[in-house]
Amino acid sequence: MPDKPSYLGLLNAIAVAEGRAHRYLTAWAATTSRDDVRGVLLTVAAREGEHAMSFARRINELGFEVRERDADELDRAMEIVTASCPDLEKMQALKLQRLDTGDRPDIFDEMFKDHSIDIATGALLGRYIAEERDTGRLLRRCYEQLEAEVVAPAQ
Ligand SMILES: [Fe+2]
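Per the working numbering, the sequence shown starts with residue 202, numbered consecutively.
Spelled out as structure tokens, the structure:
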């Protein structure tokens with residue numbers, strides 16, 4: 202087996218989390234009655250699924266395999282998104298409106314502190330981070346729209 206890169210755990214955590222998000226966002230998209238919310242969910246789900254596969258591929262190229270972990274987290278998310286409550290409450294339960302931190306630090310700021318990251322992994326990671334931040338903005342805008350409608354319901 203090749204030498205284990207110090208960032209293998211990070212790649213594995215991303216692959217697992219993105220695969221889960223792809224599954225629960227797709228399930229949620231199938232339940233919502235709103236075209237605008239479904240559009241956002243499917244855009245993000247497509248990104249998440251692609252991230253899961255790309256990170257799994259990179260882990261494989263490095264000579265390792267994705268290891269599943271904390272499988273019950275998917276069950277919890279699936280329970281939330283398939284419940285018969287409004288999209289706004291599902292978003293709050295999953296804290297999706299909090300992913301966008303604006304100019305404040307976020308979880309991605311730490312990722313490039315490991316200077317040993319190889320070129321191919323760095324390129325993948327950089328694109329992933331930019332897409333995740335864009336996703337955070339998309340979800341926050343969607344959340345704010347839903348929230349505004351609760352405060353001032355459409356006539
Ligand atoms: Fe993600």
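Every residue, glycine too, gets a C-beta built ideally from N, C-alpha and C. Source: prediction; values computed, not measured.
Under 7 Å Cβ to Cβ from residue i, same chain only, skipping five residues before and after it: list those, please.
i           : result
residue 255 : 325
residue 270 : 217
residue 295 : 278 and 281
residue 246 : 223, 226, 227 and 230
Measuring CB to CB, does residue i end up less than 8 Å from residue j?
i           : j           : result
residue 288 : residue 244 : no
residue 264 : residue 202 : yes
residue 297 : residue 260 : no
residue 253 : residue 219 : yes
Residue i to residue j, Cα distance in whole Å?
i           : j           : result
residue 235 : residue 305 : 31 Å
residue 207 : residue 217 : 18 Å
residue 230 : residue 237 : 10 Å
residue 250 : residue 350 : 30 Å
residue 317 : residue 348 : 43 Å
residue 205 : residue 239 : 40 Å
residue 314 : residue 285 : 42 Å
Please work out which residues of its chain come closer than 6 Å, Cβ to Cβ, to residue i, disregarding the five sequence neighbours upstream and downstream, and give them in chain order.
i           : result
residue 319 : none
residue 291 : 281 and 282
residue 241 : 339 and 343
residue 341 : 298 and 301
residue 257 : 216 and 267
residue 328 : none
Measuring only from the beta carbon, is residue i closer than 7 Å to any heavy atom that is part of ligand 3?
i           : result
residue 251 : Here the bound small molecules are ligand 1; ligand 3 is not part of this structure.
Below 8 Å CB to CB, which residues in the same chain sit around residue i once its five sequence neighbours on both sides are set aside?
i           : result
residue 330 : 309 and 312
Give a yes or no on contact between the stretch 346 to 356 and the stretch 330 to 337, applying the rule of three or more CB pairs nearer than 8 Å.
Verdict: no, contact absent.
Any contact of the stretch 269 to 286 with the stretch 221 to 230, i.e. 3+ C-beta pairs under 8 Å?
The stretch 221 to 230 and the stretch 269 to 286 touch, with three or more beta-carbon pairs separated by less than 8 Å.
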